Amino acid sequence: MTTEQTDPTGVGLRSARGPILLSVMLSIGLVAIDATILATAVPAVVEDLGGFTQFPWLFSIYLLAQAISVPIFGKLADLRGRKPVMLLGVGLFVLGSVLCGFAWSMPALIAFRLIQGLGAGAIQPIGMTIIGDIYSVAERARVQGYIASVWGISSFVGPALGGVFADYVSWRWIFFVNIPLGLAAAWVLVRRFQENVDRGTRHQIDYWGTILLAVGGSLLLLGLLEGGVIWAWDSVASVTILAVSVLLLTAFVLVERRAPEPVLPLWVLGHRVLNSANSSALLVGVLMVGLSTYVPLYAQGVLGTSALVAGFALAAMTLGWPIAASLAGRLYLRLGFRTTMLFGAVIVVIGSILLLTVSADSSVLSLALACFVIGLGLGFSASPGVVAAQSSVDWTSRGVVTGANMFARSVGSAVGVAVFGAVANAVVAARLGSNHGDLEHLSGDVLAAAIHDVYLGAAAAAVLLVAAVVFMPNRVAEQPRGPA
Numbered sequence: 094m095t096t097e098q099t100d101p102t103g104v105g106l107r108s109a110r111g112p113i114l115l116s117v118m119l120s121i122g123l124v125a126i127d128a129t130i131l132a133t134a135v136p137a138v139v140e141d142l143g144g145f146t147q148f149p150w151l152f153s154i155y156l157l158a159q160a161i162s163v164p165i166f167g168k169l170a171d172l173r174g175r176k177p178v179m180l181l182g183v184g185l186f187v188l189g190s191v192l193c194g195f196a197w198s199m200p201a202l203i204a205f206r207l208i209q210g211l212g213a214g215a216i217q218p219i220g221m222t223i224i225g226d227i228y229s230v231a232e233r234a235r236v237q238g239y240i241a242s243v244w245g246i247s248s249f250v251g252p253a254l255g256g257v258f259a260d261y262v263s264w265r266w267i268f269f270v271n272i273p274l275g276l277a278a279a280w281v282l283v284r285r286f287q288e289n290v291d292r293g294t295r296h297q298i299d300y301w302g303t304i305l306l307a308v309g310g311s312l313l314l315l316g317l318l319e320g321g322v323i324w325a326w327d328s329v330a331s332v333t334i335l336a337v338s339v340l341l342l343t344a345f346v347l348v349e350r351r352a353p354e355p356v357l358p359l360w361v362l363g364h365r366v367l368n369s370a371n372s373s374a375l376l377v378g379v380l381m382v383g384l385s386t387y388v389p390l391y392a393q394g395v396l397g398t399s400a401l402v403a404g405f406a407l408a409a410m411t412l413g414w415p416i417a418a419s420l421a422g423r424l425y426l427r428l429g430f431r432t433t434m435l436f437g438a439v440i441v442v443i444g445s446i447l448l449l450t451v452s453a454d455s456s457v458l459s460l461a462l463a464c465f466v467i468g469l470g471l472g473f474s475a476s477p478g479v480v481a482a483q484s485s486v487d488w489t490s491r492g493v494v495t496g497a498n499m500f501a502r503s504v505g506s507a508v509g510v511a512v513f514g515a516v517a518n519a520v521v522a523a524r525l526g527s528n529h530g531d532l533e534h535l536s537g538d539v540l541a542a543a544i545h546d547v548y549l550g551a552a553a554a555a556v557l558l559v560a561a562v563v564f565m566p567n568r569v570a571e572q573p574r575g576p577a
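When we follow the working numbering, the leftmost residue of the sequence shown carries the number 94, and every step to the right adds one.
Printed below as a string of structure tokens:
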């Protein structure tokens, strides 16, 4: 299998590889905008379709489908090529968007969000894998700025579009807007990205490994996401779901040891670079969910701001991340991966300390500043980790490695939801007893105490992030970007 690289020197959108980069940016833009556009339109969706108690599943089912499908699509891309898997992902996302736009009930919308999530599970890892294939480490230092700009722009465009569509057009257009973007991305990819796939090689698909990973991983994430929310942690449902997930994932490990072409090779777990990169990604996921869940709640419930102002406080993090990610490339080329990631992790610790100094008497600007600093640190830590992981393996394993890194971040988010939720609820229960109601309806002082302990947990995760990146080599020998 070979990938044509027609321009070994150009990096920008006007170079020979520019259309491929543009296609990846458009595809990732679908996922990036979707991450923020729906939240502002939820009231309009609920008013039209009903199902207020069910609407959290609009997010949970999407994240679940995305997380579980990421490593599977990563392996498929190593076996069948990047292009068909990327097109499949864009097609699923557009199909899911069309169906969501025509949804007639909340259960139908939730089901169609699952299809969107499956598409996102292919788009993000395969898009980054394509970048790893066609650009060298030095070139990716510049390309990171383009990819980071997609997330930065989307963090502001998404909420704005969601609000405009919900208030002045129809909430259904938050899904229909994906159609032209998806079609444009697919068209450019079909026309400009060329792969010569060796169809003569027969691959043994790891069906049992795929099934065990999908079901076991889904149950694990479901148990972590909904434990303490839908059912108590010590309930029969929670214990059963988590126990079955452990059994299935244990069986998955046993199957992978014997599979000729495992969906997730176990050597990934023993690779120094990948261990550091994936551990860092997991902790980044923990930190991200801690901020995205509790910063807006603190801003509104403790500082007394509006939902809009609370959203902008959180947006400070999403602004800091792409700024740092675009600068990180120059740093790791000059100073090395470990130094750059360690620099970012220390900044995250500093931001976490700033977060702990925010009190009920502070301004929302103090909260936003802490989020911005943490976003900077995450940008310096996360992006070089992905590049180092991709560079440490050759073409035949790059899809799996990229997928494993993103899966680790998803697992981290689920763990963060479970741990931080348990911490907050424990503080509230200690103060008010077991019948305390939802966090949103608590008094400001109780809410402040609960979220302060969550911020302590986030600071601990930041310290662990420092420890994780210490094990990253400073230099990684770049493996061949194309197949042998």
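The beta-carbon is built from N, C-alpha and C at its ideal position, and this holds for glycine as well. Quantities reported herein were computed from a predicted structural model and do not represent experimental measurements.
{"query": "Alpha-carbon spacing of Cys464 relative to Val494, whole angstroms", "result": "29 Å"}
{"query": "Simplified DSSP state of Arg354, which is helix, strand or coil", "result": "According to the sequence shown, residue 354 is Glu rather than Arg. Residue state, collapsed to three classes: coil."}
{"query": "Nonlocal neighbours in the same chain, by C-beta distance under 7 Å from Leu274, ignoring five residues either side", "result": "Leu119, Gly122 and Leu123"}
{"query": "Inter-residue Cα distance where the pair is Thr96 and Glu349", "result": "Because the pLDDT of Thr96 is 45, which lies under 50, any placement of that residue in the model is unreliable, and the question is left without a value."}
{"query": "Three-state secondary structure (DSSP) of Trp324", "result": "strand"}
{"query": "N- and C-terminal bounds of the alpha helix (DSSP H) containing Leu396", "result": "It is not in any alpha helix (DSSP H) - Leu396 carries neither H nor E in the DSSP assignment."}
{"query": "CB contact flag (Gly212, Val183, <8 Å)", "result": "yes"}
{"query": "Environment of Pro353 [buried if 16+ CB atoms lie within 10 Å]", "result": "exposed"}
{"query": "Integer Cβ distance of Val178 from Ile113, believed to fall under 8 Å", "result": "Rounded, the Cβ-Cβ distance is 15 Å, inconsistent with contact."}
{"query": "Continuous alpha helix (DSSP H) stretch holding Tyr548: start and end", "result": "Gly537 to Val563"}
{"query": "Integer-rounded CB distance, given that Pro477 should sit under 8 Å from Ala421", "result": "5 Å"}
{"query": "Residue environment, Arg568, which counts as buried when at least 16 other CB atoms sit within 10 Å", "result": "exposed"}
{"query": "Touch test, the stretch 319–328 against the stretch 254–273, Cβ-Cβ under 8 Å, three pairs minimum", "result": "no"}
{"query": "Leu341 vs Leu396 beta-carbon contact at 8 Å", "result": "no"}
{"query": "Residue ranges of each alpha helix (DSSP H) within the stretch 405–470, 4 or longer", "result": "430–450"}
{"query": "Closest by C-alpha distance to Ala241, when choosing among Ala125, Ala507 and Ser456", "result": "Ala125"}
{"query": "Where Asp141 falls: helix, strand or coil (DSSP)", "result": "helix"}
{"query": "Reduced DSSP secondary structure (H/G/I, E/B, other) of Leu274", "result": "helix"}
{"query": "Nearest-angstrom Cα separation, counted from Arg110 out to Ile227", "result": "8 Å"}
{"query": "Delimiting residues of the alpha helix (DSSP H) encompassing Val163", "result": "Trp150 to Arg173"}
{"query": "Best match in Ala215, Ser419, Ala160 and Val138 for proximity to Val243 [C-alpha to C-alpha]", "result": "Ser419"}
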